[in-house]
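Per our numbering, residue 207 is the first one in the sequence shown, and the count goes up by one each step.
Inspection log for the structure reproduced underneath, given as structure tokens.
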Amino acid sequence: MLFFLITLHILYVNADLCGPEGYYAGDLLSPSYWYFDILNDTQCPPMSKSSFINNISNQTGCRIYFNLCNDMIYQCSGTVCARYLQTQDYVIILGQYDGNPFDEDSDSFHATYQGEQLFCGNNDLKTVIKFNCDKKSIWNKTVSKEHGGAMAPQPLVSFDHNLCQYSMVFNNSNACYVVPKNDAKSRKISNGSFMLMLVIPGFALYMLLGILFNLARGKRGKFLIPHLEFWTQLPDLIMDGFAFTMATITCRHEDRFTQEYKGIE
């Protein structure tokens, strides 16, 4: 039981909690992906260095797909990708998921991802998706669903060739503060509280199952308590452990190994 509780605690501590702190972003995170079309050829990302297709031009337009907290399954193997409208077979990975990508500002937050190499020097592509607070901008999660996806409003798109950074800026009601950042941190459950939440129900379950087991074996009274002998001896074991610890600290162990000194005869 103790090993099980420790394992649960480790999994809880190491869990990757994806989302902007202090904001409710459930509407943004619930679809399997968002997408929008870019018909302005100057706003599509350039071809990657790994491209072996020479007859495709970014001037034909592209469709951008993104899922903020997971790599996609159906559209590409990344978190953000571009699929050129001239052919549905050529895809550029604009970013891949590698832990919580969010950073928060005042009434806005943004997510940053690393993508593949493009024709922009020695830099790898960096994609930044920013959301500004707009309480009137409520995205419809059910528009043109396909494999759980939904159509996003048209963002402000830009590409910085020097930084090799592809940026998308959206307005969204989820980017308005729900919980102030400092309050959000203070309300996080502590490790000690989490352990108590595991230990107390775990102990209650242990006692209940043990009593039912002993009841089925025909035991009655105090003998219904599971491992009765251990619980009966527990106070003495605690006192012995305390006495041993104090004796160790104060160096008052009974010396079993030293013998009375005898002079040389």
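Idealized CB from N, CA, C, for every residue including glycine.
Since the structure is predicted, the reported quantities are computational estimates derived from the model, not experimental observations.
Item	Value
Checking 7 Å against the spacing of the C-beta atoms, do VAL472 and TYR319 come in under that value?	Past the boundaries of the shown model lies residue 472; the chain is included only from 207 to 471, so the question cannot be answered.
Where ASN276 and ALA410 are concerned, what is the direct C-alpha to C-alpha distance, given to the nearest angstrom?	38 Å
Taking only the alpha-carbon atoms, compute the straight-line gap between LEU418 and LEU430 and give it to the nearest angstrom.	8 Å
On the DSSP bridge assignment, give the partners of LYS336 in chain order.	HIS316, VAL375
Taking the beta strand (DSSP E) that PHE242 falls in, what are its first and last residues?	239-244
State yes or no: is the C-beta of GLN323 within less than 7 Å of the C-beta of ASP313?	no
CA-CA distance, LEU414 and PRO432?	9 Å
So, with DSSP's three-state summary, where would you put MET178?	This structure cannot speak to residue 178, because the chain is shown only from 207 to 471.
Taking the alpha carbon of GLY284 as the point to measure from, which residue in PHE308, TYR239, ILE244 has its own alpha carbon closest?	TYR239
As a quick exercise: from CYS268, ASN273, PRO407, PHE242, pick the residue whose alpha carbon is nearest that of THR248.	CYS268
Using only CA atoms, which one of PHE448, ALA317, LYS425 lies nearest to THR333?	ALA317
Taking LEU369 as the reference, which of ASN328, GLN360, SER396, PHE337 has the closest Cα?	ASN328
Three-state secondary structure (DSSP) at LEU234?	helix
Taking the beta carbon of TYR280 as the centre, do at least 16 other beta carbons fall within 10 Å, making it buried, or is it exposed?	exposed
Whole angstroms are fine: how far does the CA of MET401 sit from the CA of PHE308?	28 Å
Return the chain-ordered list of same chain residues with a C-beta closer than 7 Å to the C-beta of GLN439, the five sequence neighbours on each side being excluded.	none
Could you round the C-beta distance between ILE270 and ILE244 to whole angstroms and report it? I think they count as a contact, below 8 Å.	6 Å
For VAL405, does the count of other Cβ atoms within 10 angstroms reach 16, so buried, or fall short, so exposed?	exposed
Per DSSP, what kind of secondary structure is TYR290 in: helix, strand or coil?	strand
Beta-carbon separation of GLY427 and PRO237 under 7 Å?	no
Which residue wins for smallest C-alpha separation from CYS326, given the options LEU291, LEU443, PRO251, MET452?	PRO251
Across which residues does DSSP place ASP366 in a beta bridge pair?	GLN371
Should CYS457 go down as buried or exposed, given a rule of 16 or more other Cβ atoms within 10 Å for buried?	exposed
Distance check for SER373 and ASP366, CA to CA, integer angstroms please.	8 Å
From MET452 to LEU443, what does the alpha carbon distance come to, in whole angstroms?	14 Å
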